[in-house]
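Chemist:
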Amino acid sequence: MEKELNIIIMGPPAAGKGTQSELIVKEYGIPHVSTGDMFRQAIAEKTPLGMEANTYISQGKLVPDEVTIGLVRERLAKADCQHGFLLDGFPRTVPQAEALSEILTSLGKKLTAVVLLVADDQELVDRISSRRVCVKCGASYSLKTKKPAVEGKCDNCGSDLILRNDDRPESFKSRLDDYHQKTLPLVDYYKKEGLVHEVDALQDIEGVFTSIRKVLD
Ligand code: AP5
Ligand code: MG
């Protein structure tokens, strides 16, 4: 039997987690569990969870741990995660990492690897200013490096491409600060377990994916 892949992809906002996740899930056939995408879907559907999450996300602030942990706990218990998963954007705080460890123990699972995308802040600011996302399916494009086939339209579903509302400079700065203060400490947490594989996110999209494949194969 092939080895089960229980992976976390980590990295600062705009490092390319979503872009690489799309390639990883195609290659390895595991579900993409993105807390950011789950929140954005709930916001679009105006559910109570979405309304609550939006008050934080629109300002570039983290959604409270208890809300986020509950969401991931439910998601990882679903049947499609039984033979592996790719977590994107979770965990982001030490309490979230501790909760994940407890969730995985209760499911009889172990993490296989943490892929850490490394990029400097200037590159992230550049990438965010040219990012456009699909209003419907959330797919991510770049006006510079990943143009859609038809200008302003999603390749997957044909819907309009827009600026994400937390990509305004003030919100983006707050997201970067949170990454440095609250999320980077997790790297040490996972390094102690020997799980961290650093990948240079400044390469082009294919180059980053080749490096990730080397880690996962
Ligand atoms: P989330 O959706 O997770 O956002 P994020 O971590 O800020 O990361 P992004 O999605 O902005 O960037 P990405 O790394 O996916 O980059 P992308 O591939 O798009 O979270 C959003 C919000 O939800 C949070 O701020 C928080 O409020 C809340 N939230 C989510 N999870 C939470 C949690 N666990 N706890 C609490 N709150 C939570 O790429 C960026 C751009 O660069 C694109 O235009 C892309 O085309 C381009 N690009 C990608 N790779 C390359 C490359 N190699 N070369 C050139 N361009 C590239
Ligand atoms: Mg993303």
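Here the numbering used here is used: the first residue of the sequence shown is 3, the next is one more, and so on. Ideal placement from N, C-alpha and C gives every residue a C-beta, glycine not left out. All values reported here derive from a predicted model rather than from experimental measurement.
Does the ligand MG have even one heavy atom less than 7 Å from the beta-carbon of K148?
Modeler: It does not: the Cβ of K148 is nowhere closer than 7 Å to a heavy atom of the ligand MG.
Chemist: Return yes when the Cβ of I32 is within less than 8 Å of the Cβ of L88, no when it is not.
Modeler: In contact: L88 and I32 (Cβ atoms closer than 8 Å).
Chemist: Which residues are close to the ligand MG, meaning CB closer than 7 Å to any heavy atom, in chain order?
Modeler: Every residue passing the under-7 Å Cβ criterion appears here: K19, G20, S36, G38, D90, G91, S142.
Chemist: If you draw a straight line from the alpha carbon of I71 to that of P97, how long is it in whole angstroms?
Modeler: Straight-line Cα distance between these residues: approximately 9 Å.
Chemist: Can you name, in chain order, every residue of its own chain whose Cβ lies under 7 Å from the Cβ of T57, other than the five neighbours on each side?
Modeler: Counting only Cβ-Cβ distances below 7 Å, and skipping sequence neighbours, we find nothing.
Chemist: If you measure between the beta carbons of A203 and L119, is that distance less than 8 Å?
Modeler: Contact: yes.
Chemist: Does DSSP put F87 in a helix, in a strand, or in coil?
Modeler: F87 falls in the strand class under three-state DSSP.
Chemist: Would you be able to state if there are at least three C-beta pairs under 8 Å between the region 76-84 and the region 115-132?
Modeler: In short, these stretches do not touch, since the Cβ pair count stays below three.
Chemist: Along the chain, where does the beta strand (DSSP E) that runs through V117 open and close?
Modeler: Where V117 is concerned, the enclosing beta strand (DSSP E) stretches over 115-120.
Chemist: For L215, count the other beta carbons within 10 Å of its own beta carbon; 16 or more makes it buried, fewer makes it exposed. Which is it?
Modeler: Correcting the residue identity first, residue 215 is Arg in this sequence and not Leu. The residue is exposed, with fewer than 16 neighbouring Cβ atoms inside 10 Å.
Chemist: P187: beta carbon under 7 Å from a heavy atom of the ligand PLP?
Modeler: Absence of the ligand PLP is noted for the structure shown, with the ligand AP5 and the ligand MG being the only ligands found.
Chemist: Express the C-alpha separation of S132 and P171 in angstroms, rounding to a whole number.
Modeler: One C-alpha to the other measures close to 12 Å.
Chemist: Excluding the five sequence neighbours on either side, which residues of its own chain have a C-beta within less than 6 Å of the C-beta of L102, listed in chain order?
Modeler: Hits under 6 Å: P93.
Chemist: Assuming S144 and R166 make a contact with CB atoms under 8 Å, what is their CB distance in whole Å?
Modeler: Not a contact, Cβ separation roughly 12 Å.
Chemist: Measuring alpha carbon to alpha carbon, tell me which residue in V137, L188, T185 is nearest L163.
Modeler: That would be V137, whose Cα lies nearest to the Cα of L163.
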